[in-house]
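See structure below.
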């Protein structure tokens, strides 16, 4: 029973983390930088649509990733890969709450250069952390 659960958690982690890795790189290198090109007239509508559309896409993946990471730590509390993975996940969620969400809230009122720069700059934290989580997910599934 435990082996089956371990496998399910590893597969869930891989299946949720790798799409988030690809998505964060697209957001970091393409989507966020283009915010400054939208123009003042359309920016509020654009930002609102971005937030309304990105949430349903990333929300279920982030939830599955969090549940599988927590499950892996519970099943293997001394596994350094599981511990590193949950640590990176905590960093991602903390960065999202403390930096990216506040920037998005400012931007819902109109384009603001400082908030945009902070959004793009601070999002590197999530980009690097999710990339590392992707590596960890692959290493963990190969070791299983």
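Numbering (this note's numbering), first residue to last: 1 to 144.
Backbone N, C-alpha and C fix where the C-beta goes; we use that ideal spot for every residue, glycine too.
The structure displayed is predicted, hence computed values, not measured ones.
- Residue range 2-26 is occupied by the alpha helix (DSSP H) that includes residue 3.
- Across the structure, residue 10 and residue 72 are spaced so that their CA atoms are roughly 8 Å apart.
- Following the DSSP letters along the chain, one finds residue 75 inside the alpha helix (DSSP H) bounded by residues 40-75.
- 100 is the residue among 63, 83, 109, 100 whose C-alpha sits nearest the C-alpha of residue 28.
- Your pair residue 16 and residue 65 checks out as a contact, with CB atoms roughly 4 Å apart and the cut at 8 Å.
- Within a 10 Å sphere around the beta-carbon of residue 114 sit fewer than 16 other beta-carbons, which makes this residue exposed.
- The criterion of a C-beta distance shorter than 8 Å is not satisfied by residue 107 and residue 13.
- Between residue 19 and residue 61, the C-beta spacing is below 8 Å.
- In the DSSP assignment, residue 99 falls outside any alpha helix (DSSP H) and carries neither an H nor an E.
- Between the region 79-91 and the region 124-138 there are three or more C-beta pairs closer than 8 Å, enough to call the two in contact.
- Rounded to the nearest angstrom, the gap between the Cα atoms of residue 53 and residue 140 is 31 Å.
- A check of alpha carbon separations from residue 134 across 121, 122, 92 identifies 92 as the nearest.
- Closest in alpha carbon position to residue 39, among 4, 112, 59, is 112.
- The C-alpha of residue 122 is placed about 23 Å away from the C-alpha of residue 83.
- The continuous alpha helix (DSSP H) containing residue 121 extends over residues 113-143.
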